[in-house]
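Asks:
Protein chains: 2
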Amino acid sequence: MERLIFCAPILGICALLFAFYLTKKVGRQDAGTDRMKEIAAFIHEGARAFLTAEYKILIVFVAVLFILIGVGIGNWVTAVCFLVGALFSTVAGYIGMNVATKANVRTAAAAKDSGMNKALSIAFSGGAVMGMAVVGFGLFGAGVIYALTKNPDVLSGFSLGASSIALFARVGGGIYTKAADVGADLVGKVEAGIPEDDPRNPAVIADNVGDNVGDVAGMGADLFESYVGSLVSAITLGVVYAKESGAIFPLVIAALGVLASVIGCFFVKGDENSSPHKALKYGSYSAAIVVMIGSLILSKVFFNGFKEAIAIIFGLIVGLLIGVITEVYTSGDYGFVKKIAQQSETGPATTVISGIAVGMQSTAVPIILIAIGIIGAYSFSGLYGIALAAVGMLSTTGITVAVDAYGPIADNAGGIAEMSGLPSEVRNITDKLDAVGNTTAAMGKGFAIGSAALTALALFVSYAQAVGLFESGINLLDYKVIVGMFVGGMLPFLFSAFTMDSVSKAAYKMIEEVRRQFKTIPGILEGKGKPDYTSCVAISTQAALKEMLLPGVMAVLAPLFIGVVLGPAALGGLLGGALVTGVMLAIFMSNSGGAWDNAKKYIEDGNHGGKGSEAHRASVVGDTVGDPFKDTSGPSINILIKLMTIVSLVFAPLFLSIGGLF
Amino acid sequence: MERLIFCAPILGICALLFAFYLTKKVGRQDAGTDRMKEIAAFIHEGARAFLTAEYKILIVFVAVLFILIGVGIGNWVTAVCFLVGALFSTVAGYIGMNVATKANVRTAAAAKDSGMNKALSIAFSGGAVMGMAVVGFGLFGAGVIYALTKNPDVLSGFSLGASSIALFARVGGGIYTKAADVGADLVGKVEAGIPEDDPRNPAVIADNVGDNVGDVAGMGADLFESYVGSLVSAITLGVVYAKESGAIFPLVIAALGVLASVIGCFFVKGDENSSPHKALKYGSYSAAIVVMIGSLILSKVFFNGFKEAIAIIFGLIVGLLIGVITEVYTSGDYGFVKKIAQQSETGPATTVISGIAVGMQSTAVPIILIAIGIIGAYSFSGLYGIALAAVGMLSTTGITVAVDAYGPIADNAGGIAEMSGLPSEVRNITDKLDAVGNTTAAMGKGFAIGSAALTALALFVSYAQAVGLFESGINLLDYKVIVGMFVGGMLPFLFSAFTMDSVSKAAYKMIEEVRRQFKTIPGILEGKGKPDYTSCVAISTQAALKEMLLPGVMAVLAPLFIGVVLGPAALGGLLGGALVTGVMLAIFMSNSGGAWDNAKKYIEDGNHGGKGSEAHRASVVGDTVGDPFKDTSGPSINILIKLMTIVSLVFAPLFLSIGGLF
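Protein chains in written order, with UniProt numbering: chain H, 1 to 662; chain V, 1 to 662.
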């Protein structure tokens, strides 16, 4: 039975091979007209430039942390695993984004020449490369490291490596994409009155690059972190639960999940008569069913019973339901978004208020679902069950990320179609694909938050075990724990404030640059002068990289500071407090943002006066407020809560040796 | 030494006598012209009508809860104390609001005939009646009940009575005032283009009534609850700490605080050459100094040392510093508000984003201050010290409420001056008084949140003691505690969503009514037709009362449900989670709202284009979003976290006997 551990690296490699196959498949497709190729090259280059610049900063950050780990806890194996985790996350992100920036133009070309089905297939294949790279590198890395060392502590280093990259990818990507988006919209659409994705807008390329660095690379790194984190916590707690089998079981489940995701990918088939949304859902659900059945069998093999499988199934179902409920709160087909659209009739203030109210209200059901998941998983398999639920939820990450990354590719395809002046039928197809992408993006965000919550919780329990608080507990009546909880609860608010401010500052610079180009480049608005795309790309790149440092450093230093000064119990309080407020804020901000976005689209579809009406203007304000909510601050909080927990876990030996200065 | 307990009821009565004296003093002043008297009568009647209608609903609610307590825990003495607490809070609120609606017109008259000093004195005297009524009834009630029963459990019933009234006063008052305000502004100012407080606006009386029911009666009930709650928790923990002396000490400190507040009131003297702000600060600081010195002496007498006094001083200083820091984040004299004003230049979206960022950022320093306060208080006197810090912070409630209630009186005075067409010099004086009121209101809100946090925390510890978790602790690794924490952390978000929605709905009705009157009453906009004020007052009243029920019932039922179904430990988690997210949300929403308000005023003072500019229009959107933030949802959260904790404390015997069904 213990031999089954080799499933993990083997299926990891299978996933990577499948990613390689898909990459080649996408690459073989026609890339369209010269104009399309030219625009795609701009986007591709912009994205690469950002990643390269980001990596340069990351090398310094990673080197510092490497030494901190080695010196701080005296275990250089952990430090090396940290490097490997950082490297794997980086490579996965690079591969995924590289393909995404090739799939976009090919999706547009397929929409032009072959219709919806082919276009859907290419966009989804592009996304699936990211998905397979995430699970491939994650599973391979975790499997090999555990097989070699049999030491879960060392594995936490791998997880921290993944988290560090995720932080910068999500925060930097989030700032990048919204600075470009807000800048392009406020000057281009509002001031100059040119449509979205118009090639005359100098920020338009940066905007399209942003979709890739934020929604593809950032999201991928986020889920890579969750994926690895859930495995690490399940392995840590598995050793306590059932020694070797308890540690290997989650790895085998993850391997099963990879298989299920690959199978699910083959279920995503376009059908001219039905919506692409259905095809994507179909793929996800079939993967989930495969995992459910397989986990029952594996649970019988490993533990001679079904209790552990039930914990996994609880996690899986909660994850799917959170996706569904997110759709209810953020899709124009349901009452909440319609209410916001109606409130737009009385102006921007009521639009903003009702959007905030919807977002806040939307925290309730996901939290109750998570609570039921925790109760269910615990009842069947104790604290190990909570970690297994996280593994279950994340087992189908391969296809989840594929569906998620499909969105920005379709979005980009639309942009390229518009910029290359393709006929409106093509744009119609890409618009349909993009609309589905908006829904899946909101669902993906809900899933990312839910899985981050469960992962962070499982890691939190692992942390308690690592600092020896498993028996004595973390007592909420201990004043240090209370202080930790207050400070921890405050951090997501401060972090969100920082990231929102960063978007404001970066967008401001972008606005100035676009205005400058409109003024100084002759004939630019008549389509005769050539806009300088690269200067806008450079502004977004530099601003994102500069602004991501403060929140990033805060996320690493805050737990270290509290752990060293007030001790491990206070740090436990901090992690608990951050987890609770972080999850609420993330759900609130993501869903408010998604709901505003779709309220605007609902009005643009001809309701409440349609485009150009007062209500539409108000809804644009809501959408602009929602941009940093849903694409920068909200998703970044996922990383914050996971990263702080994993930092605490890795540095546990340090806190134990110092034990609180105060 | 135990005899000193009689200080409590005696000084309680002194406070009430002082309130009576001030009431007479205010009543003796000239009420101005016939037109002024007529308008004042409208406001007075509107406020009374609201309170009467509210009390009718409250009687039902109180009766149900009375039976629930008696039957649920089988202690009818506690149930009777609950009735007394509810009655005292009601009477205090009624007295305070009654005087406030007399002081407003007399302040305007004094500004007309005698100048700033006299006007300040009357407005402050009016506010001081509310302050003295709060501490008088609170101290008298707590002192007498404890002297008679010597049973802290019974006393928690008194505290629950106070909390129940506070809930409805704060939530109902908050909905009332913002529905009227938003309704009056959106139709009157924006659509019809008539100035603020214009008598042609049918909602103008409701708007002025709202200031009284929300900012006087609601705020008073909020602090009455904190005041009583801090005493109850200190008495409960005092018995554990040092038997009888530990229980009596906080009562004597509160008595000292009443004395200090009365002394502080005499320090509030207008001076034509200096700002009224200074006079009010002077009064508050002198009261604080009296308590500091007195507590050192009393601590020596009671415990033969200074440790307990230091805990009190920690609380007092933290309370003052939170006020100061709130001013920094919300006053136009500092950079944060100026930044929001600057962002208004790029439209309402950036105004809203930067205001939210400022509010979120503003959580950091108060939380660190509270953390330092907890560490300091605990280090010197253990958990009892935390309760003492809350008592210390609230010891000067008499003058704090006086300063707070001064604001809406000055605001009303300005409204009356405007509506009666008094000359602009008069309006200048009331504007100055009002501007000071805005600052003190923001500081008062910060203080109300800080004291609510500390009180809820102290009550939380008392709860743990009551359910026998003092020794075993409330373990953050217990899955039930985790579930409780998630659910608890979600409740403030849900509660805020409900209250914001309520404001939207109520405001919508108000908007429709004002529009109807403008359309159907001939000559109304030329000042010839008479607007129907009472229908607007009725709309606000009915909407507020209807809308306050759902959040109110939720606040009572949520802890009962979790306590009964998941048991006392899970309920402990719920209270912890709600406390953490509740405090953050309350600070965030109050300060965002305050900052937007003053950013608008800053622009109106001639910056960024002044009144009528694009920036001004954007800042009005921010201010409107901030209205329910700062005056409805934010302050209502204070009540939520305190009420849920006190419900848990009172029903502790029930949870113990059932112990969790699950």
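Glycine included, each C-beta is placed from N, C-alpha and C at the ideal position. Note that the structure is a prediction, hence the values are computed from the model and not measured.
Please list, in chain order, all residues of the same chain as residue 351 of chain H whose beta carbon is under 8 Å from its beta carbon, the five residues on each side excluded.
Replies: Translated into positions along the first sequence, residue 351 of chain H becomes position 351. The answer, listed in chain order, is 340, 343, 344, 596, 599, 618, 619, 621 and 622.
Asks: If you compare alpha carbons, which of V:115, V:49 and V:62 is closest to residue 97 of chain V?
Replies: The residue labelled residue 97 of chain V in the question sits at position 97 within the second sequence. Among V:115, V:49 and V:62, the Cα nearest to that of residue 97 of chain V belongs to V:49.
Asks: Using beta carbons (cut-off 9 Å, strictly below), is residue 343 of chain H in contact with chain V?
Replies: Working through the first sequence from its first residue, we reach residue 343 of chain H at position 343. Chain V, which has a Cβ nearer than 9 Å to the Cβ of residue 343 of chain H, makes this yes.
Asks: By how many angstroms is the C-alpha of residue 67 of chain H removed from the C-alpha of residue 154 of chain H?
Replies: Here the question's residue 154 of chain H lines up with position 154 in the first sequence. Here the question's residue 67 of chain H lines up with position 67 in the first sequence. For residue 154 of chain H and residue 67 of chain H, the distance between alpha carbons rounds to 15 Å.
Asks: Can you list, in chain order, the residues of its chain with a C-beta nearer than 6 Å to that of residue 110 of chain V? Leave out the 5 residues immediately preceding and following it.
Replies: Indexing the second sequence from 1 puts residue 110 of chain V at position 110. Taken in chain order, the residues that qualify are 118, 119 and 122.
Asks: One question on the structure: do residue 501 of chain H and residue 178 of chain H come within less than 9 Å of each other, judged by their Cβ atoms?
Replies: Counting from one through the first sequence, the residue named residue 501 of chain H turns up at place 501. Counting from one through the first sequence, the residue named residue 178 of chain H turns up at place 178. Not in contact: residue 501 of chain H and residue 178 of chain H (Cβ atoms no closer than 9 Å).
Asks: Would the beta-carbon of residue 356 of chain H fall within 9 Å of that of residue 497 of chain V?
Replies: Indexing the first sequence from 1 puts residue 356 of chain H at position 356. Indexing the second sequence from 1 puts residue 497 of chain V at position 497. Yes. Within cutoff.
Asks: Quick one: is residue 95 of chain H buried, meaning 16 or more other Cβ sit within 10 Å of its Cβ, or exposed?
Replies: On the first sequence, residue 95 of chain H is found 95 positions in, with the first residue counted as 1. With 16 or more other Cβ atoms within 10 Å, it is buried.
Asks: Give, in chain order, every residue of the segment 363-387 of chain H whose Cβ lies closer than 8 Å to some Cβ of chain V.
Replies: Listed in sequence order: 363, 364, 367, 368, 370, 371, 374, 375, 378, 383 and 386.
Asks: From the DSSP output, read off the bridge partner residues of residue 607 of chain H.
Replies: By one-based count along the first sequence, residue 607 of chain H stands at place 607. Looking at the DSSP assignment, residue 607 of chain H forms no beta bridge with any residue, so it has no partner.
Asks: Checking 9 Å against the spacing of the C-beta atoms, do residue 613 of chain V and residue 36 of chain V come in under that value?
Replies: Here residue 613 of chain V refers to the residue found at position 613 when the second sequence is read from its first residue. Here residue 36 of chain V refers to the residue found at position 36 when the second sequence is read from its first residue. Cβ distance not < 9 Å, so residue 613 of chain V and residue 36 of chain V don't count as in contact.
Asks: How about residue 540 of chain V: is its C-beta nearer than 9 Å to some C-beta of chain H?
Replies: In the second sequence, counting from the first residue as 1, residue 540 of chain V sits at position 540. It does not: the Cβ of residue 540 of chain V has no partner Cβ on chain H nearer than 9 Å.
Asks: Distance check for residue 93 of chain H and residue 57 of chain H, CA to CA, integer angstroms please.
Replies: The residue given as residue 57 of chain H occupies position 57 in the first sequence. The residue given as residue 93 of chain H occupies position 93 in the first sequence. Each residue's alpha carbon lies about 16 Å from the other.
Asks: Got a sec, what are the start and stop residues for the alpha helix (DSSP H) residue 28 of chain V sits in?
Replies: To locate residue 28 of chain V, count along the second sequence from 1; it is residue 28. Per DSSP, residue 28 of chain V belongs to the alpha helix (DSSP H) from 7-28.
Asks: So within the segment 103-142 of chain H, which uninterrupted alpha helix (DSSP H) runs reach at least 4 residues, ignoring any that extend past its ends?
Replies: Runs found: none.
Asks: Could you tell me whether the segment 17-34 of chain V touches the segment 192-205 of chain V, using the rule of 3 or more Cβ pairs below 8 Å?
Replies: Cβ pair count under 8 Å is below three, so no.
Asks: Please list the terminal residues of the continuous alpha helix (DSSP H) segment that includes residue 519 of chain H.
Replies: Stepping through the first sequence from its first residue, residue 519 of chain H is reached at position 519. Residues 479-520.
Asks: Please classify residue 475 of chain H: does DSSP put it in a helix, a strand, or coil?
Replies: Working through the first sequence from its first residue, we reach residue 475 of chain H at position 475. Here residue 475 of chain H sits in strand by DSSP.
Asks: Between residue 612 of chain V and chain H, is the shortest Cβ-Cβ distance under 9 Å, so that the two count as touching?
Replies: Position 612 of the second sequence holds residue 612 of chain V. No, residue 612 of chain V lies away from the interface with chain H (no Cβ there is under 9 Å from its Cβ).
Asks: With DSSP as the reference, label residue 363 of chain H as helix, strand or coil.
Replies: Reading the first sequence from its first residue, position 363 is the one you call residue 363 of chain H. It is coil, neither helix nor strand.
Asks: Report the CB separation of residue 298 of chain V from residue 386 of chain V in whole angstroms; it is logged as a contact under 8 Å.
Replies: In the second sequence, residue 298 of chain V corresponds to position 298, counting from 1. In the second sequence, residue 386 of chain V corresponds to position 386, counting from 1. Rounded, the Cβ-Cβ distance is 19 Å, inconsistent with contact.
Asks: Is it the case that the Cβ atoms of residue 402 of chain H and residue 131 of chain H are separated by a distance below 9 Å?
Replies: Counting from 1 along the first sequence, the entry for residue 402 of chain H is found at position 402. Counting from 1 along the first sequence, the entry for residue 131 of chain H is found at position 131. For residue 402 of chain H and residue 131 of chain H, yes; Cβs fall inside 9 Å.
Asks: Locate the alpha helix (DSSP H) running through residue 324 of chain V, then write down its first and last residues.
Replies: The residue given as residue 324 of chain V occupies position 324 in the second sequence. Looking at the DSSP string, the run of the alpha helix (DSSP H) that includes residue 324 of chain V is 307-330.
Asks: Quick one, are the C-beta atoms of residue 440 of chain V and residue 407 of chain V less than 9 Å apart?
Replies: Working through the second sequence from its first residue, we reach residue 440 of chain V at position 440. Working through the second sequence from its first residue, we reach residue 407 of chain V at position 407. Yes, these two residues count as a Cβ contact at 9 Å.
Asks: Please compile the residues from chain H whose C-beta is within a distance smaller than 8 Å of the C-beta of residue 457 of chain V.
Replies: The residue you call residue 457 of chain V lines up with position 457 of the second sequence. Here the neighbours are 482.
Asks: Whose C-beta lies closer than 7 Å to the C-beta of residue 254 of chain V among residues of the same chain, with five residues either side of it excluded?
Replies: One-based indexing of the second sequence puts residue 254 of chain V at position 254. Counting only Cβ-Cβ distances below 7 Å, and skipping sequence neighbours, we find 8, 139, 231, 391 and 395.
Asks: Run the CB neighbour count on residue 522 of chain V, radius 10 Å, all protein chains shown included, and call it buried at 16 or more, exposed below.
Replies: For the purposes of this step, residue 522 of chain V is taken as the residue at position 522 of the second sequence. Exposed, since its Cβ has fewer than 16 Cβ neighbours within 10 Å.
Asks: Starting from residue 416 of chain V, trace the alpha helix (DSSP H) both ways and give me its first and last residue.
Replies: In the second sequence, residue 416 of chain V corresponds to position 416, counting from 1. 397-419 is the span of the alpha helix (DSSP H), which, as asked, contains residue 416 of chain V.
Asks: Quick one: which residues of the segment 579-610 of chain V get their C-beta closer than 8 Å to a C-beta of chain H? List them in chain order.
Replies: So the list reads 580, 581, 583, 584 and 588, given in the order they occur along the chain.
Asks: Determine the burial state of residue 445 of chain V: buried for a count of at least 16 other Cβ atoms within 10 Å of its Cβ, exposed for fewer.
Replies: The residue labelled residue 445 of chain V in the question sits at position 445 within the second sequence. With 16 or more Cβ atoms within 10 Å of its Cβ, residue 445 of chain V is classed as buried.
Asks: Between the Cα of residue 382 of chain H and those of H:561, H:91, H:148 and H:308, spot the shortest distance and give me the residue it belongs to.
Replies: For the purposes of this step, residue 382 of chain H is taken as the residue at position 382 of the first sequence. Among H:561, H:91, H:148 and H:308, the Cα nearest to that of residue 382 of chain H is on H:308.
Asks: Quick one: using the 10 Å Cβ neighbour count with 16 as the cut-off for buried, is residue 605 of chain V buried or exposed?
Replies: Working through the second sequence from its first residue, we reach residue 605 of chain V at position 605. By the 10 Å Cβ count, residue 605 of chain V comes out exposed.
Asks: According to a CB-to-CB cut-off of less than 7 Å, which residues of the segment 201-230 of chain H neighbour chain V?
Replies: So the list is empty, because no residue satisfies the distance condition.
Asks: For chain V, find out if any of its Cβ atoms is closer than 9 Å to the Cβ of residue 140 of chain H; answer yes or no.
Replies: In the first sequence, the residue the question calls residue 140 of chain H occupies position 140. No, no contact with chain V.
Asks: So what does DSSP say about residue 249 of chain V, is it helix, strand or coil?
Replies: On the second sequence, position 249 is the one that residue 249 of chain V refers to. Note: residue 249 of chain V maps to helix in three-state DSSP.
Asks: Look at the alpha carbon of residue 593 of chain V and the alpha carbon of residue 415 of chain V, and state the distance between them as a whole number of angstroms.
Replies: Start at 1 with the first residue of the second sequence, and residue 593 of chain V comes out as number 593. Start at 1 with the first residue of the second sequence, and residue 415 of chain V comes out as number 415. Straight-line Cα distance between these residues: approximately 21 Å.
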